[in-house]
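Student: Residue numbers for the sequence shown follow the working numbering, so the first one is 37 and each next one is one higher.
Where a beta carbon is used, it is the ideal one built from N, C-alpha and C, also for glycine.
Note that the coordinates shown come from a computational prediction; the quantities given were computed from them, not determined experimentally.
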Amino acid sequence: MILLLTGPVLLARLAARGGEVWPHAAALGAALCFLFTASGHWLIDDEMVQMLPPWVPAPLLLVWATGVMELAIALALLIPATRRMGAWAAIAALCLFFPANIYAAFIQAPVGGHALGPVYLLVRAPVQLFVILWIWRTLIGAPQPRPR
Numbered sequence: 037m038i039l040l041l042t043g044p045v046l047l048a049r050l051a052a053r054g055g056e057v058w059p060h061a062a063a064l065g066a067a068l069c070f071l072f073t074a075s076g077h078w079l080i081d082d083e084m085v086q087m088l089p090p091w092v093p094a095p096l097l098l099v100w101a102t103g104v105m106e107l108a109i110a111l112a113l114l115i116p117a118t119r120r121m122g123a124w125a126a127i128a129a130l131c132l133f134f135p136a137n138i139y140a141a142f143i144q145a146p147v148g149g150h151a152l153g154p155v156y157l158l159v160r161a162p163v164q165l166f167v168i169l170w171i172w173r174t175l176i177g178a179p180q181p182r183p184r
């Protein structure tokens, strides 16, 4: 996931086109991450349902809906006019999904490393924080390119 996020920026830098390409490459990386995670909402939806507490109504529908939301975030990140809004939505989604990851780790849900139990959170929490900070720094806090 970190490679999906940072890979486009690293490639842009290697191609010596870091300046103008940087925001687009950062947005592409973030969009690739959200496309990757969105795909799980349809490809392994049964396992993702197991990540939710039993009191959640219509868990399969919620998994599919959050997959659509992640897809919409990815698309918003790819369009310069909606990129900043998409970045804010990405950060909000990452913060909102974290309690489900905590729950899944404690019940050792059989998807995405959660079966390791609470130890999984020792890896997940810093990675998720890195993704949030990356999106903040590259897409919200960084100067936006001016239209010509």
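(1) Please confirm whether H77 and T42 have their CB atoms less than 8 Å apart.
(2) Looking at the unbroken alpha helix (DSSP H) that takes in R119, where does it start and where does it end?
(3) From V45 to H60, what distance separates their C-alpha atoms?
(4) Going by C-alpha distance, which of W172, L47, A67, A161 is nearest L113?
(5) By Cβ distance, which residues of its chain are closer than 8 Å to A151, with the 5 residues on each side in sequence left out?
(6) Looking at the unbroken alpha helix (DSSP H) that takes in T102, where does it start and where does it end?
(7) Assuming contact is defined by CB atoms lying nearer than 8 Å, are A136 and L88 in contact in what I supplied?
(8) For W78, name the three-state secondary structure that DSSP assigns.
(9) Can you round the beta-carbon distance between L96 and V85 to whole angstroms, since I take them to be within the 8 Å contact cut?
(10) Spatial neighbours of T118 within its chain, please: C-beta separation below 7 Å, excluding the five flanking residues on both sides.
(11) Below 8 Å on the Cβ atoms is my contact criterion, and I expect Q164 with F134 to pass it. Report the Cβ-Cβ distance as a whole number of Å.
(12) Taking Cβ to Cβ, would you say Y156 is nearer than 8 Å to G149?
(13) Could you check if I115 is buried or exposed, using at least 16 other CB atoms within 10 Å of its CB as the buried criterion?
(14) Here's the rule: buried if 16 or more other CB atoms are within 10 angstroms of the residue's CB, otherwise exposed. What is C69?
Tutor: Let's see:
(1) At a Cβ-Cβ threshold of 8 Å, H77 and T42 do not count as neighbours.
(2) Under the DSSP assignment, R119 falls in the alpha helix (DSSP H) whose first and last residues are 119–143.
(3) Take the alpha-carbon of V45 and the one of H60: they are about 8 Å apart.
(4) Shortest Cα-Cα distance from L113 to any of W172, L47, A67, A161 involves A67.
(5) Apart from the 5 residues on each side of it in sequence, A151 sits with its Cβ closer than 8 Å to the Cβ of Q144, A145 in its chain, given in chain order.
(6) 95–114 is the extent of the alpha helix (DSSP H) around T102.
(7) A contact, by the Cβ cut-off of 8 Å.
(8) Reduced to three states, the DSSP call for W78 is helix.
(9) Rounded to whole angstroms, the Cβ separation of L96 and V85 is 5 Å, and the two are in contact under 8 Å.
(10) If we look at T118 and ignore the five residues flanking it on each side, its Cβ neighbours are A112.
(11) At roughly 6 Å, the Cβ-Cβ gap stays under 8 Å, so Q164 and F134 are in contact.
(12) Annotated as proximal: Y156 and G149, with beta-carbon spacing under 8 Å.
(13) Exposed.
(14) Counting of Cβ neighbours within 10 angstroms places C69 among the buried residues, the total reaching 16 or more.
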